[in-house]
Every structure is written in C-alpha cells, then in structure tokens.
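Engineer:
In this note's numbering, the protein residues as written are 38 to 371.
Now the structure itself:
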C-alpha cells in the first residue's frame, strides 16, 4: 500500500487509526434556556448521539450548554442553571461510560449565587467541570469582575470549557453570515488575549482552560501579537509582557480541534502549543455527522504527528482533564 499524501506533498503514515476518542466539545438540545443563535436547531437525542459516536470510534463525549442560563438575571437565572445541570447529571447517570458533563453557570446572577451553583454542580452532581462563555454582555474573561469565579475554580483546579458567543458589538458588521463562521473565531481570540494580557491566566494557573475551535485566529496571529504588543503595549494600566511571556500564556491553554484539523491549522497550533494540549472536539449536533470522518482522517494523515501524538490527542490528553470520566472508562476496559 502506498503512503497517503498530505497537502504539502510529504508522505504521511498509512493505516494509522485514532481510536477510543474522547470528544470534549458536544452539546445537547433541550427545552430549557437559550440555545445556539440560529433560526433552526438541529435534531438531537441521546440515541442519535450514541449512534454517531459509535460510527466514528468515539468512546465518550463531554456535554455542555455554556450560554444557556446567561440571558436571565437573579433567581430565574439560578433556577434555570440548576435545572440544566440536573438534566446533564441525569444523562450522565444513565450513560456513565459514554458521557460526561460540564456545569452551566447563571452568569448574570449575584456572585455568591454563581459560586453556590458551581459548588452544587461539582460537589453534589459530580459534573466533570465548568462551562462558560468567552464573554457575557461583551465583558470578556480576564476582566476583574470574573475574579471570584476564577479564584474558586483555581482553588479546585477545575477544568473550564470556554465556548464563544457573538459579541453584541459585532452585530452591525456581521456580513449576514452565520456567527459560527467568523464571529465565534474572533470572540475566542479576544478572550485568549484578554486572559493573557490581563494576567488572569497566570494568576489562576491551576484552572485547566479549554479554548474551542483551535483557538480561533490566535495560531495565525501569534507572532503579530507578540511583536506589536512590544510597540503598542497590552492595554491601559497593564504590565507590558515579553514575547516569551505571551507565548507561554497562550501555550498554557488547551485547544479543542473542532473544525481545526487542516494541515495549515495543525502546523500553526504545533508552533504555539505542545501536542499534549490538543483535544478532539466535534460540536455535535451543530456540526453534522458527515464532518466527523474527515476530521479524524485529517488527524490520522497529518505527518506532523507521531503515533503517540495521535493516541494522546484522541483520548489521553482529555482523560487527564476529566479524571472521573477516565476512571469510569477504565473500569469498562478492565
């Protein structure tokens, strides 16, 4: 059998398989709370999710609804977050070796109520970690008002899944294309830079933060950001960072590879972050099932990855972030 050729005309391994995949980026469709900003939601069911997972060698998926309780305030937001978290926990309890779940937070509730829901979700419901959005009301993670959240997550060493949302400020220039094409990428970019430039990523270094979609535009812009920060600074009132400090900050995040598996994207990511910080994600059900096999094939064919890298990105890196789920999966294997 001849070697498969990649886009750069270098030979790549043939016959290599990514197996026992752990998908860190998966959602549910529920009647509770706000769903994705789209006119028509895709169909979703546990049974259909399991079928797609089985067809693509995905052993388990981590479910989240990061934005679902972020459009209400006060007690209503708290009640909604509680209902969603209990629904997620119920799915996990019925399928403990196929699903994990991340806690939804009532982002616009009082800080003490946000922390109360986080504690309930992690300690009582035993969810795998926390999910939130890059920004709420155009205020990005890294802003001091999120410090109490991050302090508690840092104390716990939480895994935090951060999903983009379309910025309100972008709506007048969105070109009338779906927000997932461009705006999600830009919002992720803003969050990553704000976390690094504000110093929040370094101060709360025990939080294992997953950035979605390959880090938005960050891999492509990294050198530009490092260079121009030396010219223009990191923003008013902030301490200037060296290029090495910026690079270290960006490399400390984890990046899921949802719609980010092309040779160009993988090469750029590998210049920025170790392969141990790359994770598989598929964005079920918002990315249709036909997108899963090409993404897996991209990973199997990319000659910049060793067999060990492929296995690690497929499931081992994620298992380190979700030890309770990894323990359940190991018990099945045993």
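Glycine included, each C-beta is placed from N, C-alpha and C at the ideal position.
Measuring CB to CB, does residue 278 end up less than 8 Å from residue 294?
Structural biologist: In this structure, residue 294 does not lie closer than 8 Å to residue 278 by Cβ.
Engineer: Where residue 63 and residue 94 are concerned, what is the direct C-alpha to C-alpha distance, given to the nearest angstrom?
Structural biologist: For residue 63 and residue 94, the distance between alpha carbons rounds to 15 Å.
Engineer: Which class does residue 369 belong to by DSSP, given the choice of helix, strand or coil?
Structural biologist: Three-state DSSP puts residue 369 in a helix.
Engineer: What are the complete beta strand (DSSP E) segments, minimum 3 residues, inside the segment 210 to 257?
Structural biologist: Qualifying beta strand (DSSP E) stretches, in chain order: 245 to 248.
Engineer: What residue from 226, 172, 192 and 141 has the CA that sits closest to residue 205's CA?
Structural biologist: Comparing Cα-Cα distances from residue 205 to each of 226, 172, 192 and 141, the minimum goes to 172.
Engineer: At which residue ranges does the segment 80 to 158 contain complete alpha helix (DSSP H) runs of 4 or more residues, listed in the order of the chain?
Structural biologist: Fully enclosed alpha helix (DSSP H) runs of 4 or longer: 83 to 92, 111 to 131 and 148 to 156.
Engineer: Three or more C-beta pairs closer than 8 Å, one from the segment 259 to 277 and one from the segment 288 to 304: is that the case here?
Structural biologist: The segment 259 to 277, when compared against the segment 288 to 304, does not touch it at the 8 Å Cβ threshold.
Engineer: What did DSSP end up calling residue 61 once you bin it into helix, strand or coil?
Structural biologist: Note: residue 61 maps to strand in three-state DSSP.
Engineer: Given this structure, state the Cα-to-Cα distance separating residue 137 from residue 213, to the nearest angstrom.
Structural biologist: Their backbone Cα atoms lie some 35 Å apart in a straight line.
Engineer: Which residues mark the beginning and the end of the alpha helix (DSSP H) in which residue 329 is found?
Structural biologist: Unbroken alpha helix (DSSP H) run through residue 329: 329 to 338.
Engineer: So what does DSSP say about residue 262, is it helix, strand or coil?
Structural biologist: Of the three classes helix, strand and coil, the one that applies to residue 262 here is helix, per DSSP.
Engineer: Spell out a yes or no on whether the segment 179 to 194 and the segment 343 to 354 are touching, meaning 3 or more CB-CB pairs, one atom from each, closer than 8 Å.
Structural biologist: Counting Cβ pairs under 8 Å, fewer than three are found: no touch.
Engineer: Buried or exposed for residue 39, going by 16 or more other Cβ atoms inside 10 Å?
Structural biologist: Note on residue 39: pLDDT 33, under 50, position unreliable in the model; no value is reported.
Engineer: Going by C-alpha distance, which of 100, 249 and 272 is nearest residue 223?
Structural biologist: With distances taken between Cα atoms, residue 223 lies closest to 249.
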